[in-house]
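**Q** I'd like to ask you about the structure that follows.
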Amino acid sequence: MNRLNLCLVGATVACAAGIAVACGGGGGSGTSSGSPGDGGTDATMPVVEAGSATEAAVQDGASAPTGDGGDAGDAGATGCAAPSVATNAALCVTISPEAIAFLSDPDFDGKGLLTVGVFSDAHPTVDAGLAAVLLPSPDAGTADGGAALVDLSMPVKPVRFELPAATVYVRAIFIDNPASLADGGTLQAGWWIGGLDLSMGIEDAPLVPVSLTAGQATNITIDLIALRKLTVTVSREPNLTPAGNGQGPLTITAVNTSAIGSSGTYLFGAAESPCADVSGDAGVTGVSVPGWVIGTGPYWLVATLDDFGAGGSFPAGGMFSLLVDGGVYAIPAQDEIAYAAGAYQVTGTAKLTYVNPYDGGADADSVSCP
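Structure, rendered in structure tokens:
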């Protein structure tokens, strides 16, 4: 179909850009001490990895295991204190959240956990972690004994690292609802990401390089981008007859163009249901599918129901919200979504209009929803 292959939801999206805590770029050793080579940044704990950074990396309280952020050192809040070791470099990171209208819902109120990590690779792996900090620190709390949280409606103090001079890559992750880590720590609505080059969408998006010079301090600002809550109502065209029973895994991708076959088609959102039933009248009315979307759009939604559980990028017998003309695929104009720039929750619709031919017979469909 194109580089998206219409199969960007699921494992690929869960580990998009190596962001998810449960994925290769987000795991830690399970301790806060760190050891050479165990690398990575774990959003569930503060850690300054000792594999490549020097002990000086934890000075000034900015990248210390306490994870309390702090100012940039003696240079002041808008500057960055020079490194204490001539062969090292200092890096001060300012977090700049995009303007979002926070909600009363605690999952989307802008109060949560923030982790900032420094890596040696644009696509972080387990061994690429140099240093990381979690804000607030696990032992932080409020006067009444409650848990302290970072509030994105207030300025976030800069975080300072001291590292050997090199080209590094900085990633920030904010989790609006810390309880979502119990779901396995995978990318989801209410998470925020920063440091990625998203010009070509989120699939395999690299971190932006930062060059550090020995004996000097560098200031950078990381734009923190929200994964807005996306709810898609997927329905079946009334005169469209499923090849099977009309039940199966349902995935939706949000892309930046209606011409899905073009080389400039990029992923900016996703939604999925492990099994949806679009048969009968209920399918015509529509089923609701949860997901997320980044950026301000506009985007176009592509829905795929894998009726036979065949898998692959264009499953036989699958149902799609596509217009097909001579092998050219396009997304109907009705499936475009547009929303206010500050919206934290977004809704859209997609209508299944095409069935990919299947020659195995309807009785071969063994996929049924509970």
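Here my numbering is used: the first residue of the sequence shown is 7, the next is one more, and so on.
Glycine included, each C-beta is placed from N, C-alpha and C at the ideal position.
Computed from a predicted model, the values in this text were never measured in an experiment.
Would you call the region 167-177 and the region 110-119 touching, i.e. three or more CB-CB distances under 8 Å?
**A** No: the two stretches stay apart, fewer than three of their Cβ pairs being nearer than 8 Å.
**Q** Beta carbon of alanine 220, beta carbon of alanine 95: below 8 Å?
**A** Yes.
**Q** So does the region 322-335 actually touch the region 205-222, counting three or more Cβ pairs closer than 8 Å?
**A** Output reads no: the region 205-222 does not touch the region 322-335.
**Q** Taking 7 Å as the limit between beta carbons, can you name the residues of its chain near serine 285, skipping five residues before and five after?
**A** Closer than 7 Å at Cβ, skipping near neighbours: Pro248, Asn251, Gly252, Gln253.
**Q** Ends of the beta strand (DSSP E) at alanine 178?
**A** Start and end: 173-181.
**Q** Looking only at its chain, what residues have a beta carbon closer than 6 Å to the beta carbon of glycine 348, apart from the 5 residues adjacent to it on each side?
**A** Answer for glycine 348: Ala105, Ile106, Ala107, listed in chain order.
**Q** Starting from the C-beta of alanine 316, find all residues in its chain whose C-beta is less than 6 Å away, skip the five residues before and the five after it, and write them out in chain order.
**A** Cβ within range, chain order: Ala322.
**Q** Should glutamine 194 go down as buried or exposed, given a rule of 16 or more other Cβ atoms within 10 Å for buried?
**A** Answer is buried; the Cβ neighbour count reaches 16.
**Q** If you drop the 5 nearest sequence neighbours on each side, which residues of the same chain put their C-beta closer than 6 Å to that of tryptophan 197?
**A** Answer for tryptophan 197: Ile181, Leu233, listed in chain order.
**Q** Between the C-alpha atoms of glycine 289 and aspartate 283, what's the straight-line distance to the nearest angstrom?
**A** Each residue's Cα considered, the two are about 6 Å apart.
**Q** Restricting to Cα atoms, I'd like to know which of Gly354, Ile337, Thr121 is closest to tyrosine 345.
**A** If we check each option's Cα against that of tyrosine 345, Gly354 comes out closest.
**Q** Restricting to Cα atoms, I'd like to know which of Pro130, Asn225, Ala137, Phe125 is closest to serine 102.
**A** Ranking Pro130, Asn225, Ala137, Phe125 by Cα distance to serine 102 puts Asn225 first.
**Q** What are the boundary residues of the alpha helix (DSSP H) that includes threonine 271?
**A** From DSSP, threonine 271 is part of no alpha helix (DSSP H); its letter is neither H nor E.
**Q** Tell me, to the nearest whole angstrom, how far the beta carbon of alanine 223 is from that of alanine 336; I am working on the premise that it is less than 8 Å.
**A** The Cβ separation is near 51 Å, so there is no contact.
**Q** Does the Cβ of asparagine 245 have 16 or more other Cβ atoms within 10 Å, making it buried, or fewer, making it exposed?
**A** Asparagine 245 comes out exposed.
**Q** In whole angstroms, give me the CA-to-CA distance for alanine 309 and leucine 187.
**A** Cα to Cα, the separation comes out at about 27 Å.
**Q** Per DSSP, which residues does valine 99 bridge with? Please list them.
**A** For valine 99, which the question treats as bridged, DSSP gives the partners Val165, Ile226.
**Q** If you reduce the DSSP assignment to three classes, tell me which class glycine 135 lands in.
**A** The answer is strand: DSSP assigns glycine 135 an E or B state.
**Q** At a cut-off of 7 Å, would you count leucine 193 as near the ligand ADP, judging by its Cβ distance to the nearest heavy atom?
**A** The ligand ADP is not part of this structure, which contains no ligands at all.
**Q** Go ahead and pull the three-state DSSP assignment for glycine 286.
**A** It is helical.
**Q** Between the C-alpha atoms of leucine 204 and valine 174, what's the straight-line distance to the nearest angstrom?
**A** Cα to Cα, the separation comes out at about 18 Å.
**Q** Under 7 Å Cβ to Cβ from phenylalanine 1, same chain only, skipping five residues before and after it: list those, please.
**A** The chain is shown only over 7 to 376; residue 1 falls outside these bounds and no answer can be derived.
**Q** Report the three-state DSSP secondary structure of threonine 310 (helix, strand or coil).
**A** Correct three-state label for threonine 310: strand.
**Q** If you count every other CB in all the chains shown that lies within 10 Å of the CB of valine 373, and 16 or more means buried, which is it?
**A** Classification of valine 373: buried, given that the 10 Å Cβ count is 16 or more.
**Q** Measure the C-alpha to C-alpha separation of proline 280 and leucine 140 and round it to an integer number of angstroms.
**A** One C-alpha to the other measures close to 33 Å.
**Q** Straight-line CA distance for valine 243 to alanine 370?
**A** Sequence inspection shows glutamate at residue 243; the valine mentioned does not correspond to that position. Between glutamate 243 and alanine 370, the C-alpha separation is close to 23 Å.
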